[in-house]
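Here is the structure we will look at.
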Amino acid sequence: MDTAGKVIKCRAAVAWTVHQPLIIEEVEVQPPKAHEVRIKIISSGICRTDDHALHGDMENMNFPVILGHEGAGVVESVGEQVTDLKPGDKVIPLCIPQCGKCSSCLSPNTNCCLKTHMHEAQNVMPDKTSRFSCKGKVVYHFLWTSTFSEFTVVPTDAVAKIDDRAPLDKACLFGCGFPTGYGAAVNTAKVEPGSTCAVFGLGTIGLSTIIGCKLCGASRIIAIDINRDKFEKAKEFGATECINPKEYSKPIEEVIIEMTGEGVHYSFECIGRTDTMKAALECTHMGYGTSVIIGGAPPNAHITFDPYLLFTGRTWKGSIFGGWKSKDCVPRLVSEYLSNKYNLDGLVSHTLPLDNINEGFRLLQSGKSIRTILML
Ligand code: PAD
Ligand code: ZN
Ligand code: ZN
């Protein structure tokens, strides 16, 4: 059946309003316009960022919306002037685009393209209209990806073509979770062999950060979480010690400084809380420690801290999508995965059909899952 150029009716999880469970609806998906492609989504992970968005903890949100930003699929059709993608290509939609033209894309020092949602809202396509509708109402896009739909439309600046051999049931991990944590260690912190690391928060992001620290040759990787159930996985991926802040009477940064003598070389905040961001900075070595913020803080959150923490030589950085220039680097990461550089099986704790998406969100909220992958 040739669907190119036609409106497709398919199933999608629609978030009609904030805080409410998602509803599986039949939606209409318009054909892609110029510089856009329509993708048949095969799998999509549920990331904490989707949960933040559902609960209004994200800037630039419009409802109703189709969430989801960690997907993998196949190009169904392409709009005019699309030259680098064709129907049948295996692809990953990119929640951080790479337009290749803006000042960030032209700089070797950042991957934060000026077309990302922090700079310009991505609730609609670049022509300011939506490709989704349901029951006569406009439904908005999310991060230009909207992967909780059997079909989605994405601007080509936000699509990476991956190896034909990639397994599409797992490749969705390359849309957010794995590159984000792994790149924070490899690109942003540039962890050195023999160094000590502290990783705060052991979800997909924290575990992927541990994978990066280990591959860089860190000698000690201290994993921190208030949920003990996360420790076994953290050790499997390379944590050398696991600690629970609830089991100590003193602040966790003091515990880490005592464990290491002078603090760690590198720390990573993979939770999204300002108190743990501060603790992560404070537990690093006063002269050469580097702390990386990966967790997304709530909108309008602020931190106060003693400027002497930086005065003595510490570095405080942030990392979005692991510092990877997305369109260029995601295909490379997938190829490395296919050559067995990383084993990511442990990141996937549950696989569910799209119909059970609300159960997937509940598993995340209750701390019982790492990644739940939805099969569409
Ligand atoms: P997750 O919820 O699966 O993992 C967070 C972990 O932190 C859980 O294991 C919690 O038990 C643990 N935790 C919660 N509170 C505390 C605390 N006070 N002290 C210690 N541990 C605690 O989330 P995730 O791994 O999917 O995402 C983590 C963060 O990263 C989240 O804020 C998300 O929005 C952000 C993110 N950032 C980017 C980026 O590009 N920078 C990309 C994707 C996700
Ligand atoms: Zn994410
Ligand atoms: Zn750009």
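Take the sequence shown: its letters are residues 783 to 1158, numbered as in the working numbering. Heads up, the beta-carbon is just placed ideally off N, CA and C, and yes, glycines get one too.
CB contact flag (T927, A940, <8 Å):
As a position in the sequence shown, residue 927 is number 145, starting the count at 1. As a position in the sequence shown, residue 940 is number 158, starting the count at 1. Between T927 and A940, the C-beta spacing is below 8 Å.
Under three-state DSSP, which class holds G827?
On the sequence shown, position 45 is the one that residue 827 refers to. G827 falls in the strand class under three-state DSSP.
From the DSSP output, read off the bridge partner residues of S915.
Counting from 1 along the sequence shown, the entry for residue 915 is found at position 133. In the DSSP output, where bridge partners are listed per residue, S915 has E810, V920.
Would you say the beta carbon of H837 is closer than 7 Å to some non-hydrogen atom of ligand 2?
By one-based count along the sequence shown, residue 837 stands at place 55. Not under cutoff, so the answer is no.
Nonlocal neighbours in the same chain, by C-beta distance under 8 Å from Q863, ignoring five residues either side:
Your numbering for residue 863 matches position 81 in the sequence shown. Closer than 8 Å at Cβ, skipping near neighbours: A816, H817.
Per DSSP, which residues does T1132 bridge with? Please list them.
Position 350 of the sequence shown, counted from the start, is the residue given in the question as residue 1132. It should be noted that the sequence gives His, not Thr, for residue 1132. Secondary-structure assignment with DSSP links H1132 through a beta bridge to T1154.
Measuring alpha carbon to alpha carbon, tell me which of D951, I1006, P1113, V968 ends up nearest G855.
On the sequence shown, residue 855 is found 73 positions in, with the first residue counted as 1. The residue with the shortest Cα to Cα distance from G855 is D951.
Going along the chain, which residues of its own chain have a beta-carbon closer than 8 Å to the beta-carbon of K1159, five neighbours each way excluded?
Given that the chain is displayed from residue 783 to residue 1158, the structure contains no residue 1159 and the question cannot be resolved.
Can you tell me whether D832 is buried or exposed? The criterion is at least 16 other CB atoms within 10 Å of its CB, across all chains shown.
Mapped onto the sequence shown, residue 832 falls at position 50. With 16 or more Cβ atoms within 10 Å of its Cβ, D832 is classed as buried.
Among G853, N842, S1148, which residue has its Cα nearest to the Cα of A903?
As a first step, residue 903 is located in the sequence shown; it is residue number 121 there, counting from the start. It is N842.
M900, buried or exposed, once every other Cβ within 10 Å from all chains shown has been counted against 16:
By 1-based counting over the sequence shown, the position of residue 900 is 118. Around the Cβ of M900, a 10 Å sphere holds fewer than 16 other Cβ atoms; the residue is exposed.
Just list the beta strand (DSSP E) runs in the region 928 to 1010, keeping only unbroken ones of 3 residues or longer that don't cross its boundaries, in chain order.
As far as the region 928 to 1010 is concerned, its whole beta strand (DSSP E) runs of at least 3 residues are 933 to 937, 941 to 943, 978 to 982, 1002 to 1006.
Does any heavy atom of ligand 1 sit closer than 7 Å to the C-beta of L984?
If you number the sequence shown from 1, residue 984 lands on position 202. With a threshold of 7 Å, the Cβ atom of L984 counts as near ligand 1, since some heavy atom of the ligand is closer than that.
Mapping DSSP to helix, strand and coil, what is A1061?
The residue you call residue 1061 lines up with position 279 of the sequence shown. A1061: helix per DSSP, three-state reduction.
Residue burial classification, A786 (beta-carbon count within 10 angstroms, cutoff 16):
What you label residue 786 is simply residue 4 of the sequence shown in a count that begins at 1. So A786 ends up on the exposed side.
Rounded to whole angstroms, what is the Cα-Cα separation between I885 and W1106?
For the purposes of this step, residue 885 is taken as residue 103 along the sequence shown, with counting starting at 1. For the purposes of this step, residue 1106 is taken as residue 324 along the sequence shown, with counting starting at 1. Per the sequence shown, residue 885 should be read as Ser rather than Ile. Each residue's alpha carbon lies about 16 Å from the other.
Stretch-stretch touch, CB-based, cutoff 8 Å, three pairs: the region 973 to 980 with the region 990 to 1005
Remark: three or more beta-carbon pairs, one from each stretch, lie closer than 8 Å, so the region 973 to 980 and the region 990 to 1005 are flagged as touching.
Decide if F1019 is buried, meaning its Cβ has at least 16 other Cβ atoms within 10 Å, or exposed.
Residue mapping note: residue 1019 aligns to position 237 of the sequence shown, counting from 1. Buried, because 16 or more other Cβ atoms sit within 10 Å of the Cβ of F1019.
With 16 as the cutoff for other CB atoms within 10 Å, does G1043 come out buried or exposed?
Taking the first residue of the sequence shown as position 1, residue 1043 is located at position 261. The residue is exposed, with fewer than 16 neighbouring Cβ atoms inside 10 Å.
In three-state terms, what does DSSP make of S767?
It is not possible to answer for residue 767, since the shown part of the chain is limited to 783 through 1158.
Using DSSP with H/G/I as helix, E/B as strand and the rest coil, what is K1032?
Taking the first residue of the sequence shown as 1, we reach residue 1032 at position 250. DSSP places K1032 outside both helix and strand once states are collapsed to three, so it counts as coil.
Spatial distance of F1013 from G988 (CA atoms):
For the purposes of this step, residue 1013 is taken as the residue at position 231 of the sequence shown. For the purposes of this step, residue 988 is taken as the residue at position 206 of the sequence shown. F1013 and G988: Cα-Cα distance of roughly 11 Å.
Taking the alpha-carbon positions, what's the A797 to L836 distance?
As a first step, residue 797 must be located in the sequence shown, where it is residue number 15. As a first step, residue 836 must be located in the sequence shown, where it is residue number 54. Between A797 and L836, the alpha-carbon positions lie close to 7 Å from each other.
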